[in-house]
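**Q**
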Amino acid sequence: MKKSKKGVFLFSLLAVLLLVLGACSNNEETQPTNKETGNTNQENTEVMDHSNMDMSSSSEVPEGLKEAEKPKYTVGSKVIIQSDHMKGMKGAEATIVGAYDTTVYTVSYTPTTGGERVKDHEWIIHEELIDPEAEPLEPGAEAKTEAAHMEGMAGAPLEIDSAEQTTVYMVDFTTTDGEKVTNHKWVTESELSPAE
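Below, the structure written as structure tokens:
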């Protein structure tokens, strides 16, 4: 009898330990992760991380986008990127492959793939909006885009945070850590300086 009571006790203890370990394991696996930042929701990160941005794209531009008549930096010019949209971009030497006059927007949106709201994403241009009106949108307006600069951006409702009429550039560059990027869209004129 003593042996069977001891066996039942050990079996019960083992079952309880397995249940506890299983509960801990399930808690870790189901914790939601922000698709944009890779952070868990507990960290409440609002700063935009472009780590999953596809920096390269095709050379095609949206319909209706007009080439700049007198851009500060002409096609073929060498420039230095002063913006840090993503790792390895700031300080990289770039070649201008296109210059266009348009309205650029910073936008906030919740990715269609889930995750935390993205705030002040730079940049969406007017011609990338779905059925844009002729006049530029004002801050606070809502729109949608077909642009897929970031995962979950295409088709997501956007809120316009800021709007600016300027020249935007498509550029080729190599990041400071050696990644070759072609036809990157978009860099604004104020984010560039002449290469020396």
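Start counting the sequence shown at 2; every next residue gets the next number (the numbering used here). Where is the CB? At the ideal position from N, CA and C, for every residue including glycine.
(1) How should Glu131 be labelled, buried or exposed, when 16 other C-beta atoms within 10 angstroms of its C-beta is the threshold for buried?
(2) Starting from the Cα of Tyr170, find the closest Cα among His185, Pro133, His122 and Gly153 and give me that residue.
(3) Just checking my contact of Val76 with Ala100 at CB under 8 Å: how many whole Å lie between their CB atoms?
(4) Identify, in the order they occur along the chain, each residue of the same chain with its Cβ nearer than 7 Å to the Cβ of Thr103, setting aside the five sequence neighbours on each side.
(5) Am I right that Phe174 and Ala93 are in contact with their C-beta atoms under 8 Å? What's the rounded C-beta distance?
(6) If I measure Cβ to Cβ from Glu160 and keep anything under 8 Å in the same chain, skipping five residues before and after, which residues do I get?
(7) Span of the beta strand (DSSP E) holding Gln166?
(8) What did DSSP end up calling Thr111 once you bin it into helix, strand or coil?
(9) Between Ser78 and the rest of its own chain, which residues show a CB-CB distance below 6 Å, the 5 nearest in sequence each way excluded?
(10) Quick one: what's got a C-beta closer than 8 Å to Asp162's C-beta in the same chain, skipping five residues either side?
(11) Near Thr177, which residues of its chain fall below 7 Å by C-beta distance, leaving aside the five closest residues on each side in sequence?
(12) Pull the bridge partners of Ser194 from the DSSP assignment, please.
(13) Applying the 10 Å Cβ sphere with the 16-neighbour rule, what's the burial state of Ala148?
(14) Which residue comes first and which comes last in the beta strand (DSSP E) that contains Asp121?
(15) When DSSP builds the beta bridges, which residues end up paired with Ile97?
**A** Put simply:
(1) The residue asked about is misnamed: residue 131 is Ile in this sequence, not Glu. When all chains shown are included, Ile131 counts as exposed.
(2) Selected option, being the one with the closest Cα: His185.
(3) About 6 Å separates the beta carbons of Val76 and Ala100, which is inside the 8 Å limit, making them a contact pair.
(4) Excluding residues within five positions, the ones whose Cβ falls inside 7 Å are Leu66, Ile126, His127, Glu128 and Val169.
(5) Cβ-Cβ separation between Phe174 and Ala93: approximately 5 Å, consistent with a contact (criterion under 8 Å).
(6) The beta carbon of Glu160 sits closer than 8 Å to the beta carbons of Val108, Ser109, Tyr110, Gly141, Ala142 and Glu143 from its chain, once the five residues preceding and following it are set aside; these are given in chain order.
(7) In this chain, the beta strand (DSSP E) harbouring Gln166 covers Leu159 to Thr175.
(8) In this structure, DSSP gives Thr111 a state outside helix and strand, which the three-state scheme calls coil.
(9) Taking C-beta separations shorter than 6 Å and ignoring five residues to either side along the sequence, the partners of Ser78 in its chain run Ile97, following chain order.
(10) Closer than 8 Å at the Cβ level, and outside the excluded window around Asp162, lie Tyr106, Thr107, Val108, Ser109, Lys120, Asp121 and Pro140.
(11) Correct list, in chain order: Gly89, Gly92 and Ala93.
(12) Ser194 is bridged by DSSP to Ile81.
(13) Ala148 counts as buried, since at least 16 other C-beta atoms from the protein chains shown sit within 10 angstroms of its C-beta.
(14) Segment Val119 to Ile126, the beta strand (DSSP E) holding Asp121.
(15) Residue pairing by DSSP places Ile97 opposite Val172 in a beta bridge.
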